[in-house]
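Report on the structure given below.
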Amino acid sequence: MPSGSEMARRTGWVQPKVSRLETGSQLPTEDDLRTWAQHTGASTEQTEALLEMLYAASVEYTDYTHTADLLAGGSLARRQARIEATEAAATRIGEYQPAFLPGLVQTPRLYPGAA
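Using numbering that gives the first Met the number 0, the letters of the sequence shown map in sequence onto residues 0 to 114.
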């Protein structure tokens with residue numbers, strides 16, 4: 000494995016970025032991960048396994064960073080402004096609601112006294 004300075008030189012990144020990726024203080028992008036794998040001689044199978052872990056970590060990391068920001072005294076107004084900017088830049092937004100009830104369960108009872 001090359002040193003941080005050597006990895007920065009090989010990839011064209013600045014050394015602090017290499018350090019942040021190494022220590023986990025910055026989550027890599029898919030391109031970052033592919034570049035890293037290429038310059039460290041990772042196999043295709045290893046790269047694909049790392050990408051799967053990256054996709055799983057992206058969800059956990061996003062949740063943690065928002066929580067950490069609020070715990071560190073970040074204002075809700077700043078957080079909402081970041082969310083607004085993210086939504087404005089998005090081309091597609093997905094939502095998951097684990098407590099969502101299907102339409103038939105939400106309708107009122109039609110017959111008095113029916114269970």
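Cβ atoms here follow ideal geometry from the backbone N, Cα and C, with glycine treated the same way.
Nothing here was measured: the structure is a model prediction, and the numbers come from that model.
Could you tell me how far apart the beta carbons of L20 and D30 are, in whole angstroms, since I believe they sit closer than 8 Å? Rounded, the Cβ-Cβ distance is 12 Å, inconsistent with contact.
May I ask you to report which of helix, strand or coil DSSP gives I82? Three-state result, I82: helix.
Between E83 and G3, what straight-line distance do the alpha-carbon atoms span, to the nearest angstrom? 36 Å
How long is the line joining the alpha carbons of T43 and K16, rounded to whole angstroms? 24 Å
How big is the Cα-Cα spacing for P1 and L26? 20 Å
What's the gap between the Cα of M52 and the Cα of T46? 10 Å
Reference T10; option with closest CA among A41, Q37, T28, S24: Q37
Can you grab the Cα-Cα spacing for the pair T22 / E5, in whole Å? 16 Å
Do you know offhand how far R77's Cα is from A41's? 40 Å
Take V13 and list the residues in its own chain whose beta-carbon comes closer than 8 Å to its own, dropping the five residues that flank it on each side. A7
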